[in-house]
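S.K.: Just so you know, our numbering puts the end of the sequence shown at 274, numbered straight through with nothing missing.
Using N, Cα and C, we set each Cβ at its ideal position, and we do this for glycine too.
Being a predicted model, the structure only gives us computed values, none of them experimental.
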Amino acid sequence: MRVLVTGHKGQLGRQLMEAFLDQTVCGLDLPEHDICAYPQIVQEICSREPELVIHAAAYTDVDGCALNPDLAYTVNGLGTQHVALACAKLGVPIVYISTNEVFDGESRRPYLETDAPRPINPYGYSKWMGEQFVRELVPWHYIVRISWLFSPGGNNFPAKILRAAKEGRPLAVVVDEVGSPTYAPDLARALVELVSSKRFGTYHLVNEGVCSRYEFARATLDGAGLAGVPIRPMLLRDYERPSRPPLYSPLRNFAAATALGIRLRPWQEALAEYLGRTGDGLAAS
Ligand SMILES: NC(=O)c1ccc[n+]([C@@H]2O[C@H](COP(=O)([O-])OP(=O)(O)OC[C@H]3O[C@@H](n4cnc5c(N)ncnc54)[C@H](OP(=O)(O)O)[C@@H]3O)[C@@H](O)[C@H]2O)c1
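1) In angstroms, rounded to a whole number, what distance separates the CA positions of S186 and A8?
2) Please determine, among S232, V(-8), N145, the residue with the shortest C-alpha to C-alpha distance to T13.
3) Verify the contact flag: W129, CB atom, against every heavy atom of ligand 2, threshold strictly below 7 Å.
4) Measure the CB-CB distance between M117 and V91 and report whether it falls below 8 Å.
5) Could you confirm whether any beta carbon from chain D is found closer than 8 Å to the beta carbon of I109?
6) Taking the alpha-carbon positions, what's the T(-5) to L10 distance?
7) In three-state DSSP terms, what is V123?
8) Can the beta-carbon of H275 be found closer than 8 Å to that of I86?
9) Pick from P39, P28, E40, V64: whose alpha carbon is nearest that of Y48?
10) Is V42 helix, strand or coil by DSSP?
11) From which residue to which residue does the alpha helix (DSSP H) around H71 run?
12) Using alpha carbons as the reference points, say which of P111, N89, P108 lies closest to L101.
13) Measuring alpha carbon to alpha carbon, tell me which residue in I30, G68, D59, E258 is nearest V195.
14) From R233 to G168, what distance separates their C-alpha atoms?
15) Is the beta carbon of G2 within less than 7 Å of some heavy atom of ligand 1?
16) Quick one: measure Cβ to Cβ for Y263 and P141, integer angstroms, because I've assumed they're closer than 8 Å.
17) Do K149 and ligand 1 come close, with the Cβ less than 7 Å from some heavy atom?
18) Looking only at C-alpha atoms, which of Y131, S96, Q32 sits nearest to A179?
19) Three Cβ pairs or more, each shorter than 8 Å: is that satisfied between the region 204 to 218 and the region 106 to 123?
20) Between which residues of its own chain and Q70 is the CB-CB distance below 6 Å, once the five residues before and five after are set aside?
Listed below in structure tokens is the structure:
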């Protein structure tokens, strides 16, 4: 199968290129290709004749999106419309990578795939726009929501915590923002299985388990042999940043786990592998 990955140079994109190596896989990313450039991007995608498109490219700087919402809507909304239009023209399935930030964070239980989105910040709204374009334009879609992505080599939450600790900077992390970490190598393998099922629809693919940012940071430092490094617990309302994240947004993988037996291992196990691969877990022992 010929697979095209948008955003193939990004954190998830790199893992997808590896996971789909058995297929004929190609990528498309900035600066060579801009998903906002219409109609060129549609022509470019069509010219490669993919049989499946995985759309991972996005403007992922959540605070940048809050400061420049129109850019967020252009890249994550209209850019996704262009990718979906190419898939519609070719008659091929699309996998759209979406986010926990489409939800408002006011739930009392982990979000199910069918819960009603209500984004509360421009990044979340732009990704919700992308979901709607995909649903409107491509009947053969997988919309896959993920959250708190981390991967070796990525500029993610555990990487930032480790960097700060090693540089001796004081750490303060919020205790009341709760979510589901997603390890990109686990996600990429789960996507290989999902697309072979032909069971189109909306999915939540995250590692099993729920934690606060504080617990995620603590587990990262403990796993890296830095248990002695203190973290000051703080509340989200005291953390000044341009974007307001949903407070409670764990995703429940119900559909893929129940219908297809696809589930990602507990986040603690994935974190241990991450620390081993980055050398941090090994350095600790
Ligand atoms: N990271 C998370 O915690 C998280 C959580 C939930 C959902 N997601 C979603 O998961 C997907 C992958 O995230 P990620 O962390 O792998 O993101 P990433 O590392 O930022 O990678 C995104 C890639 O898309 C590229 N890109 C940005 N604008 C583009 C454009 N106009 N045209 C073509 N390519 C463009 C980026 O290029 P530049 O680097 O040059 O800008 C980058 O290579 C995204 O759809 C994101 O919304 C991520």
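M.R.: On the basis of the supplied data:
1) 16 Å
2) Cα-wise, what sits closest to T13 is V(-8).
3) In the structure shown, ligand 2 is absent; the only ligands present are ligand 1.
4) A small correction: the amino acid at residue 117 is Trp; Met does not occupy that position in the sequence shown. Contact flag set, yes.
5) Within the model displayed, chain D is absent; a lone protein chain is all it includes.
6) 15 Å
7) helix
8) Since the first and last residues shown for the chain are -10 and 274, residue 275 lies out of range.
9) V64
10) strand
11) 68 to 79
12) It is N89 whose Cα lies nearest to the Cα of L101.
13) With distances taken between Cα atoms, V195 lies closest to E258.
14) 14 Å
15) yes
16) 6 Å
17) Distance from the C-beta of K149 to the nearest heavy atom of ligand 1 is not below 7 Å.
18) Ranking Y131, S96, Q32 by Cα distance to A179 puts Y131 first.
19) no
20) F122
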